[in-house]
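Structure first, then comments.
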Amino acid sequence: MSRAMSISVSYQSHGVLLVIGKLETVREVVPQLPRIFKTVAITSGGKLEQQDTAQLVKSVPGSVVQVRGHLGRFVASAAGPEGLLDLGPLSPNENGCFDLVLDLNKHPLLDIEVPPMGYARTYGSSDKGSLKPKLERLAKLIGTVNKPRYFSFHASRCAHEAQGIMGCSQCLSACPAGAIHDEHGSITISPWLCRGCGSCALVCPTGAVAYARPSPKTTLISIAETLDKHRGQQLPPVLAIYAGDSVGKAIPENIPALKVTAIGSVGMELWIAALALGASRVLIINSGLLPDTTARLLEEQIRQA
């Protein structure tokens, strides 16, 4: 049975922004923060002066050492004399969570390849040019935010564990968002951490994990329709598969092109199906925005094909 019970994932964000980093960096960034945020600043190496805190909800000195969660449900901890201190009491949210995180540390606390929604990192920079788009993206994540539930998972097909014997673990290392974990011998996928990269579906040998928005069947239909529009050409068409509007604009009109949600959602089975449907070649266009993990997995499948 599939664990994907709904077609979308919903987040609730009240705009409570946790800003963490060195005192000097936070001081430079605070004036750039839009008033729409309810900002809590935690500064390492000193305390902000009163004139620097006018637009902040709270500001305290401290060293944040751990951040976990996702948009609307971030929890943070600081180093204390007797261990970790929960920073939840500093949040104006009743649940003690932070909705958004701006990590100004040179070495971000979440250095995962694809961070969760609501988390932005600057690698120690306070440059206005690079900071502005990050703040604009965070500002759009206030209120009710919905995204597709990108995957479907059929536990009965999973080869990770059977009768106490550990088996396949490919998806665990394939997810650049860290959304897949082993819990007591079973694979679990967090729909809140999943960013729709498609890497898990690329490596799953049994079909237990599949891309769901759109499904492989829907993508196959789109491939057939795209190729049908170019029937009658003197030579069999080359099918271009891409993600992103800017990439699509650069593809010549005489080349059948299919825009997909994520390049990683289209694996070797669909490439071969495209060839069977009349394509002479399949061109996978990497715009440079693919996670390195997903790009590597696609390259491996290309070599196998």
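Under our numbering, the first residue of the sequence shown is numbered 1, with each subsequent residue one higher. Think of the CB as a built atom: it goes at the ideal place given N, C-alpha and C, for glycine as much as any other residue. This one's a predicted model, so the numbers in the text were calculated from it and none came from an experiment.
Under the three-state DSSP convention, the category residue i falls into
i	result
ARG73	coil
ALA210	strand
VAL260	coil
ALA78	strand
THR122	coil
PRO34	coil
PRO216	helix
THR294	helix
THR226	helix
LYS47	coil
SER169	coil
Minimum C-alpha distance to residue i - residue among the options
i	options	result
ASN286	ILE255, TYR242, GLN51	TYR242
GLY167	ASP182, HIS154, ALA177, GLU113	ASP182
LYS140	THR261, ILE36, LYS47, GLY198	ILE36
ALA305	VAL40, PRO291, LEU290, LEU275	LEU275
PHE74	VAL238, SER215, CYS204, VAL16	VAL16
ASP103	SER91, LEU90, TYR123, GLU136	TYR123
ILE302	LEU289, GLY278, LEU277, ILE263	ILE263
THR234	GLU24, ALA279, PHE151	It should be pointed out that residue 234 corresponds to Gln in this sequence rather than to Thr. With distances taken between Cα atoms, GLN234 lies closest to ALA279.
SER63	LEU71, SER130, LYS47	LYS47
THR226	ARG137, PRO256, GLU82, GLY232	PRO256
PRO176	LEU239, LEU283, ASP111, VAL282	ASP111
VAL26	TRP271, GLY80, VAL40	VAL40
LYS147	TRP192, GLU161, ALA155	TRP192
ARG213	CYS197, LEU71, THR206	CYS197
Rounded separation between residue i and residue j - CA only
i	j	result
VAL313	ASP52	Coverage of the chain is limited to positions 1 through 305, which leaves residue 313 absent and any answer about it impossible.
GLU113	PHE153	23 Å
GLY185	GLN170	14 Å
GLY244	VAL260	8 Å
GLU49	VAL29	14 Å
GLY118	LEU87	18 Å
CYS204	ILE189	13 Å
VAL306	SER10	In this structure the chain extends from 1 to 305, so residue 306 is not present and cannot be described.
LEU109	ILE180	19 Å
ALA155	SER173	18 Å
SER265	TYR211	6 Å
ILE319	GLU253	Residue 319 is absent from the structure shown; the chain starts at 1 and stops at 305.
Burial state of residue i (16 or more Cβ within 10 Å)
i	result
ARG149	buried
LYS310	What the structure shows of the chain is the stretch from 1 to 305, and residue 310 is not part of that stretch, so it cannot be assessed.
THR293	buried
SER91	buried
ALA250	exposed
ILE221	exposed
ASP228	exposed
GLN163	Because GLN163 sits at a pLDDT of 49, beneath the cut-off of 50, its placement in the model cannot be relied upon, and the following sentence gives the value as read from the coordinates. Exposed, by the Cβ-count rule.
ARG121	buried
ARG195	buried
Those residues which DSSP pairs with residue i across a bridge
i	result
CYS151	In the sequence as presented, Cys is not what sits at residue 151; that position holds Phe. DSSP lists TYR211 as partners of PHE151.
LEU283	ALA240
ILE20	ILE42, ASP103
THR188	HIS181
THR144	GLN12
ARG231	For ARG231, which the question treats as bridged, DSSP gives no partner whatsoever.
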